[in-house]
Amino acid sequence: MSMIFFACVVRVRDGLPLSASTDFYHTQDFLEWKRRLKTLGLRLAQYPGRGSAEGRDFSIHFASFGDVACMAICSRQCPAAMAFCFLETLWWEFTASYDTACIGLASRPYAFLEFDSIIQKMKWHFNCVSSSQMESSLEKIHEELRLQPPVVLTLEDTDVANGVMNGHTPMHLEPAPNFRMEPVTALGILSLILNIMCAALNLIRGVHLAEHSLQVAHEELGNILAFLIPFGACIFQCYLYLFYSPARTVKVVLLLLFICLGNMYLHGLRNLWQILFHIGVAVLSSYQILTRQLQEKQSDCGV
């Protein structure tokens, strides 16, 4: 008996559907729940982490991770742990197939249509595999749900008239799950230390120049900004290395560009070796950020 009827992947910030399973159900009740799922998808940014909305015959479950959320319409009898195990597995498969830049640049619905077949196979697998075969995975999800219960939505939360037009807000919110990054490496620690040192040098020089410029000329103002902007970029590089952030590649490129342009502008206040040192540290930090990925999923959730 099927428990997971429909699944889709959406972009959190605007609810754009990126991929979805093939629809084999056309009853009036099911179509009504698909409409509710679409409405809820437009407002996922309001609901951190996991959430569920239950009705008489169907239920909607969603799980948001960063800029991507996975949603599913399940039977009322489908255990919540199985639904969230399915959604987590679906998220890992999707994010392993597409990087954040491609997801962020998607402009049309179902831009990743080729992923639909993966959703179909995964949905079939979870509908056919018995609970005993996923016992260890379900126990892990059960424990997570016990420690961090999902947001419980009413049917009004998924309705356009009551939910959007009347400004209905959820009763309570739970904190979003944290992303688990790969362990920090020795080279990564070195890049952090060097980056903090470069940030400190930029801040000291920028503040010192500002304090001794009673009447800041245009050129002096440019020099001050050329110190302070790379200072902010260095600090943000440290943040990107330590914590997960969507669209990391775009942010890393922009930060590296700011640091390089700032140091090139300071030619004259810094010698060539100092400029190369600052740019070299920025390049090392950028490489460390891009190579430190999310941890591999510890549980295969029965797949």
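For the sequence shown, UniProt numbering begins at 1 and goes up steadily by one. The C-beta atom is built at its ideal place from N, Cα and C for all residues, glycine as well.
Inset, instruction - May I have a chain-ordered list of the alpha helix (DSSP H) segments no shorter than 4 residues that lie completely inside the region 53-122? - result: With a minimum length of 4 residues, the continuous alpha helix (DSSP H) runs that stay inside the region 53-122 are 80-97, 100-105.
Inset, instruction - For L209, verify whether its CB is less than 7 Å away from any heavy atom of the ligand ZN. - result: Ligands in the displayed structure: none, and consequently the ligand ZN is not present.
Legend entry - Cβ distance (whole Å) where T100 is taken to contact A247 below 8 Å: 5 Å
Legend entry - Euclidean distance between Cα positions of E54 and I60: As the crow flies, the alpha-carbon of E54 is around 6 Å from that of I60.
Inset, instruction - Could I get the ranges of all uninterrupted alpha helix (DSSP H) runs contained in the region 223-295, with 4 residues as the minimum, in chain order? - result: 248-265, 272-291
Inset, instruction - Would you mind giving the Cβ-Cβ distance between I141 and A69, rounded to the nearest angstrom? I have them listed as a contact below 8 Å. - result: So it is not a contact: roughly 17 Å between Cβ atoms.
Inset, instruction - For V283, I'd like the list of residues in its chain whose CB is within less than 8 Å of its CB, leaving aside the five on either flank, ordered along the chain. - result: So the list reads L256, once near-sequence residues are dropped.
Legend entry - Local conformation of G41 per DSSP, three classes: helix
Inset, instruction - Name, in chain order, the residues that DSSP records as bridge partners for A186. - result: A186 pairs with nothing; no bridge assigned.
Inset, instruction - Give the secondary structure of L147 by DSSP, where H, G and I count as helix, E and B as strand, and everything else as coil. - result: helix
Inset, instruction - Take R50 as the anchor and find which of A72, F58, I204, K38 has the nearest alpha-carbon. - result: A72
Inset, instruction - Check whether the Cβ atoms of C198 and S137 lie closer than 8 Å to each other. - result: No, they are not a contact pair.
Inset, instruction - Assign V207 to one of three DSSP states: helix, strand, or coil. - result: helix
Inset, instruction - Specify, as a first and last residue, the run of the beta strand (DSSP E) that V9 falls within. - result: 4-11
Inset, instruction - State the DSSP-derived secondary structure class of residue 312, mapped to helix, strand or coil. - result: Beyond the ends of the chain as shown, which are 1 and 303, falls residue 312; an answer cannot be given.
Legend entry - Cβ neighbour criterion (16 or more within 10 Å) applied to K121: exposed
Legend entry - At least 3 beta-carbon pairs within less than 8 Å: the region 112-119 vs the region 255-273: no
Legend entry - Sequence-distant residues of its chain with Cβ nearer than 8 Å to R56 (five each side left out): R76
Legend entry - Cβ pair P109, P17 closer than 8 Å: yes
Inset, instruction - In angstroms with no decimal places, state the Cα-to-Cα distance between W91 and A210. - result: 49 Å
Legend entry - Nearest to G222 (by Cα), restricted to the options R205, C234, I235, L37: With distances taken between CA atoms, G222 lies nearest to R205 out of R205, C234, I235, L37.
Inset, instruction - Keeping to the same chain, check which residues put their C-beta closer than 6 Å to that of residue 316; ignore five residues upstream and five downstream. - result: Past the edges of the chain, shown from 1 to 303, lies residue 316, and the structure says nothing about it.
Legend entry - F231 vs L187 beta-carbon contact at 8 Å: no
Legend entry - Residue environment, C8, which counts as buried when at least 16 other CB atoms sit within 10 Å: buried
Inset, instruction - Please confirm if P17 has its CB atom under 8 Å from at least one CB of chain C. - result: The structure shown contains no chain C; it is built from a single protein chain.
Legend entry - Rounded separation between Y47 and F62 - CA only: In this structure, the CA atom of Y47 is about 10 Å from the CA atom of F62.
Legend entry - Euclidean distance between Cα positions of E220 and A20: Taking the straight line joining both Cα atoms gives about 55 Å.
Legend entry - Inter-residue spacing [alpha-carbon to alpha-carbon] between V207 and N263: 16 Å
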